[in-house]
Amino acid sequence: MTPKEELALDEFLTENLRKGYIRPSKSPMASPFFFIGKKDNTLRPCQDYHALNEGTIKNAYPLPLIGDLMDKLRGAKYFTKLDLRSGYNNIRIKEGDQYKAAFKTICGLFEPTVMFFGLCNSPATFQMFMNNIFRIIITEEAILIYMDDILIFSDNLEDLRCKTNRVLKVLQDNDLFLKPEKCVFEVQEVEFLGMIIRPDNIHMDPVKLAGIQQWPEPHTVKQLRSFLGFCNFYRRFIPNYSSIAYPLNELTRTNEPWKWNELRTNAFITLKNLFSSQPALLIPDKTNPFILETDASKVASGAVLYQANSNGDLQPCGFISEAFGPAQQRYEVYDRELLGIIRGLTAWRHYLLARRLTPRQSRWNLFLSQFDISITHKPGKDIPGADSLSRRPDYGTEPDEERTLLPNTLFIGRIDVDLHNRIKESQATDQLANTILHAKTLNIPSPFKFSLDD
């Protein structure tokens, strides 16, 4: 070990022996002990419990899904975040089992008396413990808990303070302590689980995005996987992610030769630009209607779930994108499009299932379900019999005005030359426009979808 590591080891052993978190051991088994560097240039002590974890019966208690937690924040305007001190170390290892987690150092053999990071059952056990002591408050949907992170939320300060006092009382009753430097109280913007939470909106954490523009072009599969691993965490914010990242993901396949070309360079740059745009997602209101928009290319499908925000404007609640397998890429266009719809409905099933039809649509849906039919739109000129019967003059006459796809209020006249030149000049510095044009050069769907509605 280096002198720096020896000093860190001495500090680790002294501190944890004093707390009673570890003790000298005579265990017949032991895991390796080592250090990894942290961003602040300090060392983090670690135990390699790989062999122990392979023989451990797993605790199947589930960790909450981050997306499900975020959905509960709809309507919240004020937040308090608490961070527990010592985390896993608050849970004791069952008496008689401590020897199994023993670790060896140059100073001897030691065994933990409390859970340590690296034990496969630590996350599930700690989440179960937290859910049990806060069960009543969680049931009331007053707080979110993800292991040692606690988020208290409300639509008014008085209620928030009441909930905070209840949470602090539970912590006190269970001899749990907080890290004051990591707690924030009564704010309208808070970082939680890598996201920035604001009233009814979720944003990517700008601190985590700070280095995305300076991310160097990868030269190995390991470097590329590191970049894609970062991207995958925030992929729900990026439209058509799988289509854009497809050329990069190809390089990570087993036995795929490394061949970095212009197509992959463009995909790499496009992803970095999209992350830099920092889009915001609307926290869905399950009582209001949704709009599901789907699309499919030759290599992937994408979907966007929209809902009207407080201003009445449509705002995305989330993006999903998934690459097609080799067999799916050979599907006909309409089957790929239908698969895209199925994927969108599956991903957001909990929002879209059992959405109400109008009474008329419900009656028609019940009637049509008796028949094994497919419905296809055809222009009137292709079905002259039915078309002429629908236009019998004794039923009345149709209005003379020409029917168009869009209402007249959405049409504008030709722009003048001065305005055209100003638009052209501004386009050069418009990041959104450049991203769309860049996608066109890659021959992939635009990452943004726009529509006009009456």
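With the UniProt record's numbering applied, the sequence shown corresponds to residues 1 to 454, in that order. Don't be surprised by glycine CBs; every beta carbon is placed ideally from N, CA and C.
Contact between the segment 72-88 and the segment 100-113 is absent: fewer than 3 CB-CB pairs across the two stretches fall below 8 Å. Taken in chain order, the whole alpha helix (DSSP H) runs of length 4 or more contained in the segment 153-183 are 157-173. Taking the Cα of R225 as reference, the smallest distance to any Cα among P206, A245, L209, S301 is reached at A245.
Setting aside the 5 residues that flank it on each side, L248 is surrounded in the same chain by L224, L228, R264, A267, F268, each with a C-beta closer than 7 Å to its C-beta; the list follows chain order. Beta-bridge pairing by DSSP links C46 to F34. Annotation for N59: N121, A124, T125 place their beta carbon closer than 6 Å to its own, counting only its chain and skipping 5 residues before and after. Excluding five sequence positions before and after Q188, the CB atoms of its chain that fall closer than 8 Å to its own CB belong to K77, Y78, F79, R198, P199, given in chain order. Within the same chain, Cβ atoms closer than 8 Å to the Cβ of D155 are found at G75, A76, K77, Y78, the five residues on either side in sequence being excluded. For V114, there is no enclosing alpha helix (DSSP H), as DSSP marks it with neither H nor E. Taking the Cα positions, S276 is about 25 Å away from L73. Under a 10 Å Cβ-count criterion, S374 is classified as exposed, with fewer than 16 other Cβ atoms of the shown protein chains found around its own Cβ.
The beta carbon of I91 sits closer than 7 Å to those of V114, M115, T125, F126, F129, all from its chain and outside the five residues before and after it, given in chain order. Taking 8 Å as the cut-off, the Cβ atoms of M204 and Y234 count as close. A direct Cα-Cα distance of roughly 20 Å separates I283 from L274. Looking at the DSSP output, R92 sits in a beta bridge with V114. In the DSSP assignment, Q315 falls outside any alpha helix (DSSP H) and within the unbroken beta strand (DSSP E) covering 314-323. Counting C-beta pairs with one atom in each stretch, the segment 304-313 and the segment 247-261 have fewer than three that are closer than 8 Å, which means they do not touch. Rounded to whole angstroms, the separation of the alpha carbons of K81 and L157 is 14 Å.
Rounded to whole angstroms, E11 and I137 show a C-alpha spacing of 39 Å.
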